[in-house]
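Worksheet: one structure, shown below.
Written out as structure tokens, the structure reads:
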């Protein structure tokens, strides 16, 4: 069975074709990234072919429309099922779910909680439903891994009437955090259920997750993907009292404040760019604005790692998703500066350069006693390997193939 998997994000579009039999193998990988006025970068990998180029698309939305033609060019347009990464599933969606009209409406109703992401996710869903109306499509939700977080971690200290209206913490990047944590456990040869682990997801969106003995205990993101770390265009944690100040002093509306926090803040607000590669280039040339942005980015992440180690009562290992941020020399210097080892001899702040192949995990032991893993992965792969320890189908690909048979 041939399964198409989409990770249609707020700042990039990634997709892959997987062959699903007794095992799951990626046979094609495509991406459109680094969108700017006038164009973006694209890449297609299939067998021995590795094509790179630039195309005149200003947004992931534009790029999405040409995906069917790209698949046809590689002879991969015979699709048996489709899997989608959906960022916000609310409290309802706890496992891979067949996408029908009612499910799509329910996901759309969650858009206010993920305004950057759910609309982009649903755009891919609607495109595929139009192209392949008789093919099963399945959603895998970023929030699902965190839904059994303890009440003390997912409850906001606000009036009960607000909580009754649905105000609570959800957490995101669940597919990524679970995959990275499981791979880390495999690499050190210990059961996933025995570890106290911090998973670090750095990208245009960024979050950190405390994984306590096989379960997500807490995540830096909250009700929306805006809380927590400094991100590409998102602010992360900001004192809520500041919003009243901005409304009174600058006469800003709620929508204006929210738009600025989602689209004009984070690295972009600090350094004028949301791309860590651009900021690193400027920092290397001595740009103080870029250097400060990287220091703030690293400092916020370090605070969460330390807090989660304390909350779990210890830390077995920290694992980090490899990205342009984690490979930035300035980020690594800021991350390791002033970091002390834990009592058990591990220092989660030692991050050397990791250069590896697509699926490869590199064991970092040259900096003993620090034990840090960088797991090179992407959401497409995660969508096709998540939920291995559950009774649910393993992945969107497996879910799509299984539900296609039943429907």
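In this note's numbering, the protein residues as written are 3 to 409.
Ideal Cβ placement from N, Cα and C applies to all residues, glycine included.
The structure presented is a predicted model; accordingly, all values stated were derived computationally and were not measured.
Problem - For residue 219, the first and last residue of its enclosing beta strand (DSSP E) - result: Here the beta strand (DSSP E) through residue 219 covers 217–221.
Practice task
To the nearest angstrom, report how far apart residue 107 and residue 284 are at their CA atoms.
Solution key: Going by the C-alpha atoms only, they are around 44 Å apart.
Handout entry: Close Cβ partners of residue 173 (< 6 Å) along its chain, the five nearest in sequence each way excluded
Key = Contacts found: 148, 221 and 223.
Handout entry: Those residues which DSSP pairs with residue 166 across a bridge
Key = None; residue 166 has no bridge partner.
Exercise for the section: List the residues that DSSP assigns as beta-bridge partners of residue 20. Expected result: Residue 20 is bridged by DSSP to 5 and 28.
Exercise for the section: For the beta strand (DSSP E) containing residue 271, list its first residue and its last residue. Expected result: Careful: residue 271 lies outside any beta strand (DSSP E), inside the alpha helix (DSSP H) at 268–273.
Exercise for the section: Starting from residue 236, trace the alpha helix (DSSP H) both ways and give me its first and last residue. Expected result: Residue 236 -> no alpha helix (DSSP H), and no H or E assigned at all.
Problem - Short Cβ contact (8 Å threshold) for residue 115 with residue 66 - result: Taking C-beta atoms as the reference points, residue 115 and residue 66 fail to come closer than 8 Å.
Exercise for the section: State the DSSP-derived secondary structure class of residue 209, mapped to helix, strand or coil. Expected result: Residue 209: strand per DSSP, three-state reduction.
Exercise for the section: Can you tell me which of 202, 127, 181 and 94 puts its alpha carbon nearest to the alpha carbon of residue 168? Expected result: Looking from the CA of residue 168, the closest CA among 202, 127, 181 and 94 belongs to 94.
Handout entry: C-beta atoms of residue 59 and residue 37 nearer than 8 Å
Key = Cβ distance < 8 Å, so residue 59 and residue 37 count as in contact.
Handout entry: Coil, strand or helix - residue 179 by DSSP
Key = Reduced to three states, the DSSP call for residue 179 is helix.
Problem - Sufficient close CB pairs (3 or more, under 8 Å) joining the segment 207–214 to the segment 300–309 - result: As far as the Cβ criterion goes, the segment 207–214 touches the segment 300–309, which means the pair count is three or higher.
Exercise for the section: Under 7 Å Cβ to Cβ from residue 405, same chain only, skipping five residues before and after it: list those, please. Expected result: With a pLDDT of 40 at residue 405, under the threshold of 50, the modelled position of this residue cannot be trusted; read the value that follows with caution. 100, 138 and 140.
Exercise for the section: Compute the Euclidean distance between the alpha carbons of residue 239 and residue 143, then round it to the nearest angstrom. Expected result: Distance between the alpha carbons of residue 239 and residue 143: 23 Å.
Exercise for the section: Please list, in chain order, all residues of the same chain as residue 228 whose beta carbon is under 8 Å from its beta carbon, the five residues on each side excluded. Expected result: Only 236, 237, 238, 263 and 264 meet the Cβ criterion.
Practice task
Count the other C-beta atoms from every protein chain shown that fall within 10 angstroms of the C-beta of residue 272, then say buried if there are 16 or more, exposed otherwise.
Solution key: Residue environment: residue 272 is assigned as buried (16 or more neighbouring CB atoms within 10 Å of its CB, all protein chains considered).
Problem - Any 3 or more C-beta pairs closer than 8 Å across the segment 73–85 and the segment 125–137 - result: Yes, they touch.
Exercise for the section: Using a threshold of 8 Å, state whether the C-beta atoms of residue 10 and residue 120 are closer than that. Expected result: Contact: no.
Handout entry: Helix, strand or coil at residue 43 according to DSSP, with G and I counted as helix
Key = Strand.
Practice task
Give the DSSP-derived three-state secondary structure of residue 143 in the structure shown.
Solution key: In the structure shown, residue 143 sits in a strand (DSSP, three-state: E or B).
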